[in-house]
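Visitor:
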Amino acid sequence: MYKYKLKLLEYWVKKIRFYFLNDKRYRQRRFFEDFKRFPDLTSPKTFNEKIMYRMLYIKNSLFTQLADKVKAREYVKKIAGERYLVPFLDVYEHIDQLNFSELPDKFVLKCSHDCGSVIICLSKSQFDFNKAKQKITFCMKRNMYYSSREWQYRDITPRIMCEKYIDLFSGKDKETTPEVYQVHCFDGVPQYIEVDFKDIHEKTHINIYNVQWELQPVTVRHPNTEAEIIKPPLFDELLRLATLLTQNIDYCRIDFLMTDSEIYFSEFTFSPCNGRMKFSSDDWDYKFGRLWNLQSH
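So in UniProt numbering, spot 203 of the sequence shown is number 203, and the numbers just go up one at a time.
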């Protein structure tokens with residue numbers, strides 16, 4: 001409980017700071033901390049500069065709709081069909097509406113309006129319900145906009161989602177089984193796929209592939225996995241689905257969970273790493289930037 005009281009205090013400090021530091025100055029300062037220069041917001045060229053520009057000057061209501069994890073499901077269902085959605089158990093307006101005794105032995109909780117609120121239950125007999133309630137209660141009080149200045153989160157109504165647990169690792173080697181496929185799409189065309197792994201020590205690895213499933217000579221945030229990763233059976237279907245769901249969007253990253261036989265939509269992301277995505281080579285920051293035909297609306 002003490003942990004989340006401190007987190008709530010930290011959040012309120014950030015919210016108070018909002019009134020003294022406008023979004024542009026906030027973003028310039030954070031960009032300088034990472035890249036040792038200020039972003040070019042007049043004629044942005046790199047991927048991260050364009051994210052900064054988008055967050056400051058492009059207010060597309062579609063981004064808010066798709067950043068809302070409940071409304072994003074409705075969007076995916078309408079365009080691609082319900083088969084690509086993780087089965088829903090329920091949605092709640094308040095944590096007190098959640099009756100743990102009615103849930104299956106395995107489930108996933110997350111909030112509709114933020115990042116980082118995911119809670120996975122693998123066994124109710126070993127699950128700390130009180131700790132989960134404390135985390136969700138904290139997350140429901142938080143507006144992501146004041147913490148990260150990502151405006152698409154500002155007007156989302158907070159809700160608690162409960163989904164079926166998808167076992168990605170049953171009968172698999174966890175070190176070579178991706179946790180998530182993050183497809184970078186430009187003008188509705190998939191270009192690169194960021195694939196996340198965890199090794200036996202729970203250390204994160206990220207590989208980046210092109211659409212031919214060729215490992216690219218770049219890393220972001222974490223090193224490549226040393227294991228050879230075979231092209232997944234449903235890779236072509238993944239690319240088709242990403243194309244279908246990102247039409248008429250100049251850039252977004254769309255994330256999926258995937259087994260050998262199923263693909264499940266996870267979320268849309270419009271500002272990866274909040275415009276602070278550290279490529280191992282600056283050339284790749286420009287390469288991603290050149291792919292992005294930045295729209296002004």
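Backbone N, C-alpha and C define an ideal beta-carbon position, used for all residues, glycine too.
#1: Should the stretch 254-263 be called in touch with the stretch 230-243, which here means at least 3 C-beta pairs below 8 Å?
#2: Whole angstroms are fine: how far does the CA of Phe-31 sit from the CA of Gln-191?
#3: Once the 5 residues before and after Gly-188 are set aside, which same chain residues still bring their CB inside 7 Å of it?
#4: Which residue or residues does DSSP assign as beta-bridge partners of Glu-10?
#5: Where in the stretch 144-232 do unbroken runs of the alpha helix (DSSP H), each at least 4 residues long, occur, reported from the N-terminal end onward?
#6: Does DSSP put Leu-291 in a helix, a strand or coil?
#7: Phe-279 to Gln-216, Cα distance in whole Å?
#8: Is His-184 buried or exposed, if buried means 16 or more other CB atoms sit within 10 Å of its CB?
#9: For Ser-280, does the three-state DSSP call read helix, strand or coil?
#10: Strictly by DSSP, which residues pair up with Glu-267?
#11: Under 8 Å Cβ to Cβ from Phe-186, same chain only, skipping five residues before and after it: list those, please.
#12: Mark Lys-172 as exposed unless 16 or more other C-beta atoms lie within 10 angstroms of its C-beta, in which case mark it buried.
#13: Does the count of Cβ pairs from the stretch 154-171 and the stretch 91-102 closer than 8 Å reach three?
#14: Please list the terminal residues of the continuous beta strand (DSSP E) segment that includes Ile-119.
#15: Using 8 Å as the threshold, is the stretch 61-78 in touch with the stretch 107-114, meaning 3 or more CB pairs across them?
#16: Based on the DSSP output, what are the partners of Asp-250 in its beta bridges?
#17: What residue range is occupied by the uninterrupted alpha helix (DSSP H) comprising Cys-139?
#18: Between the beta-carbon of Phe-268 and the beta-carbon of Ala-67, is there less than 8 Å?
#19: Can you name, in chain order, every residue of its own chain whose Cβ lies under 6 Å from the Cβ of Ser-148, other than the five neighbours on each side?
#20: From Arg-37 to Asp-282, what distance separates their C-alpha atoms?
#21: Give the DSSP-derived three-state secondary structure of Tyr-19 in the structure shown.
#22: Do Asp-23 and Leu-56 have their C-beta atoms closer together than 8 Å?
#23: In whole angstroms, what separates the C-alpha of Asp-285 from that of Ser-43?
#24: Residue range of the alpha helix (DSSP H) that Lys-77 falls in?
#25: Based on the DSSP secondary-structure assignment, which residues constitute the bridge partners of Val-86?
Guide: Well, looking at it:
#1: At 8 Å Cβ cutoff, the stretches touch.
#2: Their backbone Cα atoms lie some 25 Å apart in a straight line.
#3: Thr-243, Thr-246, Gln-247, Asn-248 and Ile-249
#4: For Glu-10, which the question treats as bridged, DSSP gives no partner whatsoever.
#5: 144-148
#6: Of the three classes helix, strand and coil, the one that applies to Leu-291 here is helix, per DSSP.
#7: 12 Å
#8: buried
#9: coil
#10: In DSSP, Glu-267 forms a bridge with Asp-255.
#11: Contacts found: Asp-250, Tyr-251, Leu-291, Trp-292 and Asn-293.
#12: exposed
#13: Taking 8 Å as the limit for Cβ pairs, the verdict is that the stretch 91-102 does touch the stretch 154-171.
#14: DSSP places Ile-119 in the uninterrupted beta strand (DSSP E) bounded by 119-121.
#15: Contact between the stretch 61-78 and the stretch 107-114 is present, because at least three Cβ pairs lie under 8 Å.
#16: None, per the DSSP bridge assignment.
#17: Per DSSP, the continuous alpha helix (DSSP H) segment holding Cys-139 begins and ends at 129-141.
#18: yes
#19: Asn-274
#20: 13 Å
#21: coil
#22: yes
#23: So the two alpha carbons sit approximately 15 Å from each other.
#24: Unbroken alpha helix (DSSP H) run through Lys-77: 69-79.
#25: Note: Val-86 sits in no beta bridge, so no partner.
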